[in-house]
Amino acid sequence: MGSASQDTYVLPDATSPSLVLAHPTDAEKRRTWSLNHREWGGALTLEEYLKREPYLTTIPLTRDGGMTHWILTDSSWSADSSSGGGSTRPVLASCESIRKRVLVAAPDDAQVHDGVGHGIGSVFTYPEFRGRRYAARMLNELGPALRKWQAHGGRDAVCSALWSDIGKTYYAKKGWAAFPSFHVEFPSTSAKQSGEEAEAEAKNEKGEKITPVTYDNLEPLCQRDEQLLKEKLARTARETRRTSVAFAPDHDTLRWHLYRDDFISSILFKTTSPRETNSNSSVAPFIRGAIAGPEGRRVWAVWSRNYGGNGAPADNVDKNKLYILRLVIEPEASEETNESPAEDIREAFTAVMQVALEEASRWHLGQVNLWNPSPTVKKLIDRSGLRHRWVERDEDSIPSMMWYGEEDVRNVEWVANEKYCWC
Numbered sequence: 001m002g003s004a005s006q007d008t009y010v011l012p013d014a015t016s017p018s019l020v021l022a023h024p025t026d027a028e029k030r031r032t033w034s035l036n037h038r039e040w041g042g043a044l045t046l047e048e049y050l051k052r053e054p055y056l057t058t059i060p061l062t063r064d065g066g067m068t069h070w071i072l073t074d075s076s077w078s079a080d081s082s083s084g085g086g087s088t089r090p091v092l093a094s095c096e097s098i099r100k101r102v103l104v105a106a107p108d109d110a111q112v113h114d115g116v117g118h119g120i121g122s123v124f125t126y127p128e129f130r131g132r133r134y135a136a137r138m139l140n141e142l143g144p145a146l147r148k149w150q151a152h153g154g155r156d157a158v159c160s161a162l163w164s165d166i167g168k169t170y171y172a173k174k175g176w177a178a179f180p181s182f183h184v185e186f187p188s189t190s191a192k193q194s195g196e197e198a199e200a201e202a203k204n205e206k207g208e209k210i211t212p213v214t215y216d217n218l219e220p221l222c223q224r225d226e227q228l229l230k231e232k233l234a235r236t237a238r239e240t241r242r243t244s245v246a247f248a249p250d251h252d253t254l255r256w257h258l259y260r261d262d263f264i265s266s267i268l269f270k271t272t273s274p275r276e277t278n279s280n281s282s283v284a285p286f287i288r289g290a291i292a293g294p295e296g297r298r299v300w301a302v303w304s305r306n307y308g309g310n311g312a313p314a315d316n317v318d319k320n321k322l323y324i325l326r327l328v329i330e331p332e333a334s335e336e337t338n339e340s341p342a343e344d345i346r347e348a349f350t351a352v353m354q355v356a357l358e359e360a361s362r363w364h365l366g367q368v369n370l371w372n373p374s375p376t377v378k379k380l381i382d383r384s385g386l387r388h389r390w391v392e393r394d395e396d397s398i399p400s401m402m403w404y405g406e407e408d409v410r411n412v413e414w415v416a417n418e419k420y421c422w423c
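With full-length UniProt numbering, letter number 244 in the sequence shown gets 244, and the count goes up by one each step, no holes.
Here is the structure:
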């Protein structure tokens, strides 16, 4: 699909006062998706991608107005011309935002407060409009707009965040400061390759109970996770003397990732529909996470699949990844104590990661990725015996935050800066 003719519309300068944020028509959304498919379509064809994008507005977190589409346009251009037989108004830049729950703790406040935050994604400029600084203008308008957008009770939003695929400086200059962007990679071929892993597997066979994470048990896990996270936020704020913030790893947030995964995988593996496995298929159901250890001493993780490249998943194993969306240790020790995790926690962690590696291998995923592990989790990784590699991302998926509070964003602690936050 094409875009607007520059003979029909005189393109304004990026500093023009007539440029405004607006919400696109359905036709403009479809035109934009047709053009950005190459950037974010992954393993999906254009036709499949054009089904996925509207579907993602109908699932938990994003339905009922949870997702907002934005474009930069000129106030003198009519949206009505984007349908029917007339010429289409130019979409100078576009993006999306998702309303999210945010948890905030202050150093001198014992209570952890709920607030609104926004995740920003799919920042895009049509190819023929690049180099004119339209995306920069859109972002300059968007940052302040999101401060008030969908806020409740007269309170401003707490923050907005995005995950830069163009390095750490561009968005920082627009007000979204870059935060740590480390991850650890576990090759899916690493299962059962070390003596410690073999020992851990033997212990599992002797009675270590591994419980799969399913849609049936996900909600109580999210509720317990949030309780533990609130305790950690209050502790972090008190110990660092800084405001501490986290995106809530709630049921809707985790389901958004899982439903998205289901939709894509139902196409790639030809299951009957999202969240259902074809009874005639030889493919066993995907395990969405794993829990190890007794209640009160548990480790659990929730994960999702990501397929890159064109063609069948088996042909692109090196481009495919299993992302740990959220990893929880019950309870997690204070970072100030510098305590080493107990042996039962190490065994539970290793057991959970073994399941993740096995699932990755089974679903043609070349590696398991865990973003920004806490000091406690780093110790568990070092003691697990699992092959791994530490990576600092300099160009892609850089967590970046605009803070709407009084503090300088550099004095804010982003706790649980993990993959579940991404959108």
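Backbone N, C-alpha and C define an ideal beta-carbon position, used for all residues, glycine too.
Delimiting residues of the beta strand (DSSP E) encompassing residue i
i, result
"residue 33", "That residue, residue 33, is in no beta strand (DSSP E); its alpha helix (DSSP H) goes 26-40."
"residue 325", "321-329"
"residue 256", "Run containing residue 256: none in the beta strand (DSSP E); it sits in the alpha helix (DSSP H), 251-268."
"residue 305", "299-306"
"residue 369", "367-371"
"residue 141", "Taken as a continuous stretch (DSSP letters only), residue 141 belongs to no beta strand (DSSP E), being part of the alpha helix (DSSP H) at 134-148."
"residue 21", "19-22"
"residue 412", "412-414"
"residue 77", "That residue, residue 77, is in no beta strand (DSSP E); it is neither H nor E in DSSP."
"residue 391", "389-392"
"residue 400", "398-403"
"residue 185", "182-187"
"residue 211", "210-212"
"residue 291", "289-292"
Bounding residues of the alpha helix (DSSP H) (the contiguous stretch that carries residue i)
i, result
"residue 53", "46-55"
"residue 240", "215-240"
"residue 381", "375-384"
Residue i vs residue j beta-carbon contact at 8 Å
i, j, result
"residue 92", "residue 129", "yes"
"residue 159", "residue 131", "no"
"residue 216", "residue 60", "no"
"residue 18", "residue 24", "no"
"residue 330", "residue 383", "no"
"residue 434", "residue 105", "Not covered by the structure: residue 434. The range shown for the chain is 1 to 423."
"residue 249", "residue 233", "no"
"residue 21", "residue 139", "no"
"residue 368", "residue 299", "no"
"residue 370", "residue 349", "no"
"residue 242", "residue 107", "yes"
"residue 102", "residue 245", "yes"
"residue 288", "residue 214", "yes"
"residue 176", "residue 122", "no"
"residue 418", "residue 240", "no"
"residue 365", "residue 188", "yes"
"residue 423", "residue 66", "no"
"residue 396", "residue 328", "no"
Beta-carbon contacts of residue i that lie in its chain and below 6 Å, excluding the five residues immediately before and after
i, result
"residue 277", "Low confidence applies to residue 277: its pLDDT is 42, below 50, so where it sits in the model is not reliable, and the reading given next is rough at best. Closer than 6 Å at the Cβ level, and outside the excluded window around residue 277, lie 271 and 285."
"residue 398", "164, 168, 178 and 181"
"residue 68", "97"
"residue 133", "14"
"residue 71", "22, 24, 91 and 94"
Identified DSSP bridge partners for residue i
i, result
"residue 353", "DSSP, once it has assigned bridges, lists no residue as partnering residue 353."
"residue 168", "Answer by DSSP bridge pairing: none, since residue 168 is not bridged."
"residue 121", "96"
"residue 102", "115 and 247"
"residue 436", "The requested residue 436 is not part of the displayed model; the chain covers only 1 to 423."
"residue 345", "DSSP lists no partner for residue 345."
"residue 160", "118 and 402"
"residue 69", "96"
"residue 178", "400"
Close Cβ partners of residue i (< 8 Å) along its chain, the five nearest in sequence each way excluded
i, result
"residue 254", "218, 222, 302, 325, 326 and 420"
"residue 78", "89"
"residue 50", "30, 33, 34 and 37"
"residue 43", "264, 268, 307, 308, 309, 310, 311, 313 and 316"
"residue 344", "293 and 297"
"residue 156", "147, 148 and 404"
"residue 332", "228, 232, 374 and 376"
"residue 9", "74, 77, 87, 89 and 90"
Any non-hydrogen atom of the ligand GDP within 7 Å of residue i CB
i, result
"residue 30", "This structure does not include the ligand GDP; it has no bound ligands of any sort."
Own chain partners of residue i with C-beta closer than 7 Å, once the 5 adjacent residues on each side are dropped
i, result
"residue 304", "257, 258, 261, 323 and 325"
"residue 82", "The predicted position of residue 82 is uncertain, since its pLDDT is 47 and thus under 50; a value taken from the coordinates is nonetheless stated next. The answer, listed in chain order, is 25, 27, 28, 88 and 89."
Quiz item: Any contact of the segment 406-415 with the segment 91-102, i.e. 3+ C-beta pairs under 8 Å?
Solution: no
Quiz item: When the Cβ atoms of the segment 376-393 are set against those of the segment 312-322, are three or more pairs found closer than 8 Å?
Solution: no
Quiz item: At a cut of 8 Å, does the segment 159-171 reach the segment 392-406 through at least three beta carbon pairs?
Solution: When Cβ pairs closer than 8 Å are counted between the two stretches, the segment 159-171 is seen to touch the segment 392-406, the count reaching three or more.
Quiz item: Between the segment 183-190 and the segment 387-394, are three or more C-beta pairs nearer than 8 Å?
Solution: yes
Quiz item: With contact counted as at least three CB pairs below 8 Å, one residue from each stretch, are the segment 355-370 and the segment 330-345 in contact?
Solution: no
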